[in-house]
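Using my numbering, the letters of the sequence shown correspond one by one to residues 1 to 286.
Glycine included, C-beta positions come from ideal geometry on N, C-alpha and C.
Being a predicted model, the structure only gives us computed values, none of them experimental.
Below is one structure, written out as structure tokens; comments come after it.
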Amino acid sequence: MADDKTRIDEATGTETTGHSWDGIEELNTPLPRWWLYCFYACIVFAAGYAVWYPAWPGATSGAVGGTLRDNVAVAIQEHAEGQSEWVDKIAAASLEEIRQDDQLLAFATSAGEAAFGVNCSQCHGAGAQGFVGYPNLNDDAWLWGGSLDDIYHTINHGVRNEDSDDTRWSEMPAFGDILEAPEVTDVANHVMALGGLEHDADAAARGAEIYLDNCAACHGEDGGGDPEQGAPRLNDAIWLFGGNYELISSQIKQPAHGVMPAWGLRLDDTTVKALTLYVHGLGGGS
Ligand code: HEC
Ligand code: HEC
1 MADDKTRIDE
11 ATGTETTGHS
21 WDGIEELNTP
31 LPRWWLYCFY
41 ACIVFAAGYA
51 VWYPAWPGAT
61 SGAVGGTLRD
71 NVAVAIQEHA
81 EGQSEWVDKI
91 AAASLEEIRQ
101 DDQLLAFATS
111 AGEAAFGVNC
121 SQCHGAGAQG
131 FVGYPNLNDD
141 AWLWGGSLDD
151 IYHTINHGVR
161 NEDSDDTRWS
171 EMPAFGDILE
181 APEVTDVANH
191 VMALGGLEHD
201 ADAAARGAEI
211 YLDNCAACHG
221 EDGGGDPEQG
231 APRLNDAIWL
241 FGGNYELISS
251 QIKQPAHGVM
261 PAWGLRLDDT
271 TVKALTLYVH
281 GLGGGS
């Protein structure tokens with residue numbers, strides 16, 4: 001539109017833009033002062049901001065020096081340095097020394113808990129509560145012993161694996177091939193009697209001798225178990241493979257054998273120590 005169409009609108013005293021649609025004209029109302037000053041202030045602020053902070057990725061580093069990214073890198077570095085002091089202490093101390101030192105123990109336990117979540121929880125459960133065939137690590141029942149050294153050895157070398165020469169090893173024979181079926185029934189009832197489960201008393205009495213001849217060498221005469229052989233206690237209410245007739249007799253006929261990897265071959269020694277202290281803290285017996 002040509003400039004010469006602009007004029008002063010009588011009603012408002014404001015200049016028009018010269019645009020007119022069917023006689024309706026557009027006023028060229030100036031921006032409010034306050035708005036304009038805010039706008040200029042923003043431009044000044046933005047210019048200052050762009051100089052002060054890193055505004056162009058990779059191009060300007062900002063007068064303030066360093067980026068948030070750098071800050072994170074520095075924080076991670078400091079954290080690692082702070083930790084390495086603890087990691088070195090754990091590496092240098094014996095398990096017993098760590099246990100005696102409250103601060104060291106707290107650090108080892110939380111490191112162990114983190115490593116447990118990553119490496120162990122899929123078999124033992126997030127709270128180490130265990131599943132059928134995978135022992136609960138919170139209770140005081142230990143297949144392979146609950147002292148710091150026992151637990152360290154179990155974690156380090158694992159159970160019944162092919163990888164470590166020092167792996168925990170023992171194998172309950174398949175008594176389905178050794179005993180007659182009625183004998184299995186009798187000895188299963190004897191085991192249920194030892195464990196305080198409902199059972200057939202006559203069968204259990206007949207099973208007592210079979211038990212002494214075939215089972216006591218590993219599980220103990222009274223069913224107390226033997227950590228040297230990883231033979232579970234049978235006279236408590238804790239069952240690794242299940243506490244009913246079907247599961248007990250199936251374990252006697254064709255035993256299941258738990259296998260655990262040798263963690264010493266996969267994790268560094270400090271982590272294995274931290275795991276030992278964490279697991280021991282859950283329910284270790286010295
Ligand atoms: C692949 C499954 C699996 C994973 C993963 C696993 N375990 Fe085990 N763990 C077992 C089994 C099975 C047994 C029981 C072996 C047996 O029957 O004697 C066991 C036994 C143990 C025992 C001995 C318990 C006792 O009563 O003596 C400890 C301690 C233990 N695990 C700790 C750990 C730790 C710590 C980790 C992680 C670094 C871990 N386990 C990861 C399967 C696993
Ligand atoms: C050579 C040692 C040995 C002998 C002998 C032996 N056991 Fe076992 N028994 C074990 C081991 C080891 C386990 C644990 C299996 C595993 O975790 O892999 C076990 C597990 C069991 C379980 C499962 C316990 C649970 O908590 O679920 C029962 C039940 C059992 N044995 C009964 C018997 C009976 C009955 C006999 C005799 C007829 C017998 N065992 C003889 C070593 C033995």
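Query raised in the report: Does ligand 1 have a heavy atom nearer than 7 Å to the CB of C218?
Result: Along the sequence shown, read from residue 1 onward, the residue named residue 218 stands at position 218. Because no heavy atom of ligand 1 lies under 7 Å away, the Cβ of C218 does not count as near it: no.
Query raised in the report: Taking the DSSP output, what are the residues bridged to S20?
Result: The count along the sequence shown starts at 1 and reaches residue 20 at position 20. Paired residues: E25.
Query - Complete beta strand (DSSP E) runs within the segment 39 to 74 (minimum length 3 residues, chain order) - result: none
Requested in this report: Note down the Cα distance separating Q129 from C42, rounded to an integer number of angstroms.
Outcome: Locating residue 129 in the sequence shown gives position 129, counting from the first residue. Locating residue 42 in the sequence shown gives position 42, counting from the first residue. Distance between the alpha carbons of Q129 and C42: 60 Å.
Report task. Below 7 Å CB to CB, which residues in the same chain sit around A141 once its five sequence neighbours on both sides are set aside? Result -> One-based indexing of the sequence shown puts residue 141 at position 141. For A141, the CB contacts under 7 Å within the same chain, skipping 5 residues up- and downstream, are R233, D236, I238 in chain order.
Query raised in the report: Between the segment 194 to 207 and the segment 266 to 281, do at least 3 Cβ pairs fall closer than 8 Å?
Result: With the cut-off at 8 Å, the segment 194 to 207 and the segment 266 to 281 do not touch.
Report task. Spell out the partners DSSP gives Y134 in its beta bridges. Result -> Start at 1 with the first residue of the sequence shown, and residue 134 comes out as number 134. Y134 is bridged to F131.
Query raised in the report: For E15, does the three-state DSSP call read helix, strand or coil?
Result: Your numbering for residue 15 matches position 15 in the sequence shown. Reduced to three states, the DSSP call for E15 is strand.
Query raised in the report: In this structure, does DSSP put V272 in helix, strand or coil?
Result: What you label residue 272 is simply residue 272 of the sequence shown in a count that begins at 1. Helix, per DSSP.
Query raised in the report: Using a Cβ-Cβ cut-off of 7 Å (strictly less than) and excluding sequence neighbours within five positions of E10, which residues of its own chain qualify?
Result: On the sequence shown, position 10 is the one that residue 10 refers to. Excluding residues within five positions, none has a Cβ falling inside 7 Å.
Query raised in the report: So does the segment 43 to 62 actually touch the segment 96 to 112, counting three or more Cβ pairs closer than 8 Å?
Result: no
Query raised in the report: DSSP three-state call for M1: helix, strand or coil?
Result: Within the sequence shown, numbered from 1, the residue matching residue 1 stands at position 1. In this predicted model, M1 has a pLDDT of only 44, less than 50, meaning its place in the structure is not dependable; the value taken from the coordinates is given anyway. M1 falls in the coil class under three-state DSSP.
Query raised in the report: Within 7 Å: the Cβ of L234 and any heavy atom of ligand 2?
Result: In the sequence shown, counting from the first residue as 1, residue 234 sits at position 234. Flag set: Cβ of L234 near ligand 2.
**Report entry** Buried versus exposed, by CB contacts within 10 Å (16 or more), T12
**Finding:** Indexing the sequence shown from 1 puts residue 12 at position 12. Here T12 is exposed, its C-beta having fewer than 16 other C-beta atoms within 10 Å.
Query raised in the report: Can you name the start and end residues of the alpha helix (DSSP H) that I238 belongs to?
Result: The residue you call residue 238 lines up with position 238 of the sequence shown. Run containing I238: none; DSSP gives neither H nor E here.
**Report entry** Nonlocal neighbours in the same chain, by C-beta distance under 7 Å from L197, ignoring five residues either side
**Finding:** If you number the sequence shown from 1, residue 197 lands on position 197. Within the same chain, L197 has close Cβ partners G243.
Requested in this report: Look at P261 and D150 and say whether their C-beta atoms are less than 8 Å apart.
Outcome: Residue mapping note: residue 261 aligns to position 261 of the sequence shown, counting from 1. Residue mapping note: residue 150 aligns to position 150 of the sequence shown, counting from 1. Cβ distance not < 8 Å, so P261 and D150 don't count as in contact.
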